[in-house]
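Take a look at the structure below.
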Amino acid sequence: MSQSAAVSQATARIEPFYRIEFSGHHSRYLDVTLRLPASSSGYRLSLPAWIPGSYLVRDFARHLVGKHAEDARGRRVAITPVDQQTWDLAAHDEPVAVHYRVYCADFSVRSAHVDSSHVFFNGTSVFLRVHGAEQARHEVVIDGQMLPDEWRVATTLPAIAVDERGFGDFAAAGYEALIDHPVEIADFVERQFTAGGVLHRMVFTNALPETDFDRIASDVARICETEIELFDGAPFDEYLFLVALDESGFGGLEHRDSTALIFPRAYLPSVTAGGVSKEYQRFLSLCAHEYFHNWNVKRIRPAAFAGLPLDRPATTRLLWVFEGFTSYFDDWLVRHAGLIDETQYLAALEETINRAMRGKGWSRQTLEESSFYAWTRFYQQDANAVNAIVSYYTRGAIVALMLDLMLRERGASLMDVMRRLWEHHGERPLLEGEQVEALIESAMGEPMGEFFDRALRSTETLDVAGLLARFGVAMLPRAEQGGPDAGMRVDERDPQAARVALVFEDRPGAAAGLAVDDRIIAIDGFAVNGGNWGERIARHRAGDRLALHVFRQGRLLEMALTLAPECLNQHRLQRAAGDIKTEARFAEWLAPH
1450 MSQSAAVSQA
1460 TARIEPFYRI
1470 EFSGHHSRYL
1480 DVTLRLPASS
1490 SGYRLSLPAW
1500 IPGSYLVRDF
1510 ARHLVGKHAE
1520 DARGRRVAIT
1530 PVDQQTWDLA
1540 AHDEPVAVHY
1550 RVYCADFSVR
1560 SAHVDSSHVF
1570 FNGTSVFLRV
1580 HGAEQARHEV
1590 VIDGQMLPDE
1600 WRVATTLPAI
1610 AVDERGFGDF
1620 AAAGYEALID
1630 HPVEIADFVE
1640 RQFTAGGVLH
1650 RMVFTNALPE
1660 TDFDRIASDV
1670 ARICETEIEL
1680 FDGAPFDEYL
1690 FLVALDESGF
1700 GGLEHRDSTA
1710 LIFPRAYLPS
1720 VTAGGVSKEY
1730 QRFLSLCAHE
1740 YFHNWNVKRI
1750 RPAAFAGLPL
1760 DRPATTRLLW
1770 VFEGFTSYFD
1780 DWLVRHAGLI
1790 DETQYLAALE
1800 ETINRAMRGK
1810 GWSRQTLEES
1820 SFYAWTRFYQ
1830 QDANAVNAIV
1840 SYYTRGAIVA
1850 LMLDLMLRER
1860 GASLMDVMRR
1870 LWEHHGERPL
1880 LEGEQVEALI
1890 ESAMGEPMGE
1900 FFDRALRSTE
1910 TLDVAGLLAR
1920 FGVAMLPRAE
1930 QGGPDAGMRV
1940 DERDPQAARV
1950 ALVFEDRPGA
1960 AAGLAVDDRI
1970 IAIDGFAVNG
1980 GNWGERIARH
1990 RAGDRLALHV
2000 FRQGRLLEMA
2010 LTLAPECLNQ
2020 HRLQRAAGDI
2030 KTEARFAEWL
2040 APH
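Rendered as structure tokens:
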């Protein structure tokens, strides 16, 4: 029997026990102790390399500090590295405690962040995996003695015995469940509501005091109720939104009965605000997006994600379904819940289409390739990404839009397909694209091979405009920016120079030799910065040749930029006059729930 097999057999009956303490939280540390029983063969331990829902190897193990083990009599037990994230704990005839600290300085939804204002962590950053014991009960004690008295715990990790602040004993039915319950500890604001008969909580950390928390909870409740009804029931017994507020952050990460969100605090509505601003609409769509993932990716998921493949990338060609479909439905659900009107919805859809069509990536990478290479290309974008890759979020959303409209012309909808996926593949791994394509073809009532080959496996342009026209929506070309085309974007926030943020291939900026991070300080001998760059360009005509002074890596360069006619690579969506049938299609597509 191999060592790993012996270890697995020996650990199958043990129940890992973790204790988390916070004596070093002011220094961004949390302290973890993992207790294991005596073992004649020892244990293999590891920390995940990535977190489900975020497809990038993040090497969480690099944040472990001071790892050591000792038995019940205080004797050191050897820990031997196997690779960058895996260790073998030597055999021992007494119970053993593995001690380590986790440095938590990543203010994101993917990792862990600890400071004097709050504690947030995902289990993938904190809990060592005991190989062979993944299916066993895992117990956790969260000890809040060293934290401020007003701080409370917010998590869906099942509680065994906790105090009035939420500190105490928790347990999970296996390692996969253990790492799928993010934890927030702070002096937060909380609101509760019921949707589909299920209790939902929203926890807001570092929010402005004038924020209208009651309104937000009411609006999100309508979204949750809508989604639960569309899927004919909730797949969980409780749900938690963890909302961390800051100045400019944006993001979300799905879990089986909770989500972690980051959003700019100033964009949430105040108690005096009316209507739904574009910024608040983004928050509602973010909530709808992560909530939709409860079905689409957390339970309907590709086979590649099954079995805890957390030590290496798990590749799939189906992210266009899991993220693309979800990105289409998020804005649609906010409209379906009656929180925005048709004009606001079309503006959001317009933005999605335009993001997908900005650069040349659409013609360089297929949608299946975008999904497959997410680990190395989408999540590790460089200065040329706009010219080289396409997003499975945005192009996937466009494909979802087209499928939805085609299905609606035949008396069905993409939501019908999602319900079928839920019925046939909820909690059962989904194989690669053939199963999804077959379900769509079944709902469509006709072969779709030619469409799938074009939409998923080629870089051909898709006739979105033609479909939208049949639903009474005109897709009109417009310029990316007003005035002549410079073929690039600058950072408008820089008051010292026009720092180049994007250069579009085969357009004037690229022809002039400009590159990302160049700092343009003058046009025709007069100073320019990020704030007035657009105004200065707009004063010229296509064909004008501008003399630029540019700093690159501390060296002053002179370049000539010849402006081109405005670039009509963006679109505006507008209601168009149609017959009774067209009007009926539009109304059915965007009718509030």
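Residue numbering for the sequence shown follows this note's numbering, starting at 1450 and increasing by one per position. Cβ coordinates follow ideal geometry from the N, Cα and C atoms, glycine included.
Have a look at the DSSP bridge pairing and note the partners of residue 1624. Answer is none; residue 1624 lacks a bridge partner.
Could you tell me which residues DSSP puts in a beta bridge with residue 1482? Its beta-bridge partners are 1468, 1548.
Residue 1591 and residue 1579 look like a contact to me (Cβ under 8 Å); what is the Cβ gap, rounded to whole Å? Wrong, their Cβ atoms sit about 19 Å apart, outside the cutoff.
Nearest CA to the CA of residue 1857: which residue from 1810, 1821, 2035, 1525? Comparing Cα-Cα distances from residue 1857 to each of 1810, 1821, 2035, 1525, the minimum goes to 2035.
Please check the pair residue 1952 and residue 1851, which I expect to be a contact at CB under 8 Å, by giving their CB distance rounded to whole angstroms. No, residue 1952 and residue 1851 are not in contact; Cβ-Cβ is about 30 Å, not under 8 Å.
Whole angstroms are fine: how far does the CA of residue 1963 sit from the CA of residue 2003? 15 Å
Any chance the segment 1987–2002 sits against the segment 1878–1898, with 3 or more Cβ pairs inside 8 Å? no
I'd like to know whether the C-beta atoms of residue 1644 and residue 1665 end up nearer to each other than 7 Å. no
Is it buried or exposed for residue 1451, if we count other Cβ within 10 angstroms and need 16 for buried? The predicted model places residue 1451 with a pLDDT of 49, which falls under 50 and marks its position as unreliable; any figure quoted below should be read in that light. Answer is exposed; the Cβ neighbour count stays below 16.
Any beta strand (DSSP E) of 3 or more consecutive residues that is wholly inside the segment 1504–1587: 1513–1520, 1528–1532, 1535–1538, 1545–1552, 1561–1563, 1567–1570
How long is the line joining the alpha carbons of residue 1988 and residue 1825, rounded to whole angstroms? 41 Å
What did DSSP end up calling residue 1775 once you bin it into helix, strand or coil? helix
On a Cα-Cα basis, can you pick out the residue from 1984, 1729, 1941 that is closest to residue 1699? Nearest C-alpha to residue 1699: 1729.
Verify whether the separation of the beta carbon atoms of residue 1493 and residue 1537 is less than 7 Å. yes
Distance check for residue 1976 and residue 2041, CA to CA, integer angstroms please. 51 Å
Can you grab the Cα-Cα spacing for the pair residue 1598 / residue 1475, in whole Å? Cα to Cα, the separation comes out at about 15 Å.
Checking 7 Å against the spacing of the C-beta atoms, do residue 1658 and residue 1748 come in under that value? no
Just grab the DSSP bridge partners of residue 2019 for me. Partner(s): 1927.
Rounded C-alpha distance that separates residue 1566 from residue 1637: 10 Å
Do residue 2017 and residue 1928 have their C-beta atoms within less than 7 Å of each other? yes
Straight-line gap, residue 2053 to residue 1757 (C-alpha atoms, nearest Å): What the structure shows of the chain is the stretch from 1450 to 2042, and residue 2053 is not part of that stretch, so it cannot be assessed.
Under a three-way DSSP split, which group does residue 1822 fall into? coil
Cα-Cα separation between residue 1839 and residue 1920, rounded to whole angstroms: 26 Å
Check residue 1916 in the structure and name its three-state DSSP category. Residue 1916 carries a helical assignment under DSSP once its states are collapsed to helix, strand and coil.
The alpha helix (DSSP H) that contains residue 1500, what's its start and end? Note, residue 1500: premise wrong, no alpha helix (DSSP H); not H, not E.
Could you tell me whether the Cβ atoms of residue 1805 and residue 1847 are closer together than 7 Å? yes
Test item: CB-CB of residue 2008 and residue 1997 under 7 Å: yes
If residue 1587 and residue 1482 are in contact, beta carbons under 8 Å, what's the gap, nearest whole angstrom? That pair is no contact at about 14 Å.
I'd like to check one pair, residue 1895 with residue 1903: are the Cβ atoms closer than 7 Å? no
Give, in chain order, every unbroken run of the beta strand (DSSP E) that is at least 3 residues long and sits entirely within the segment 1866–1903. none
For residue 1744 versus residue 1821, is the C-beta spacing smaller than 7 Å? no
Relative to the C-alpha of residue 1412, which residue among 1716, 1535, 1584, 1860 is closest? Lying before the first or after the last residue shown, residue 1412 is absent from the chain, which here runs from 1450 to 2042.
Threshold first: 3 residues or longer. Then list the beta strand (DSSP E) segments lying entirely within the segment 1659–1726, N to C. 1687–1695, 1700–1703, 1707–1713
Would you say the segment 1555–1574 touches the segment 1509–1527, given that touching needs at least three Cβ pairs under 8 Å? The segment 1555–1574 vs the segment 1509–1527: in contact.
Would you call the CB atoms of residue 1558 and residue 1789 closer than 7 Å? Note that the C-beta distance between residue 1558 and residue 1789 is not below 7 Å.
Find out if the Cβ-Cβ distance for the pair residue 1946, residue 1978 is shorter than 7 Å. yes
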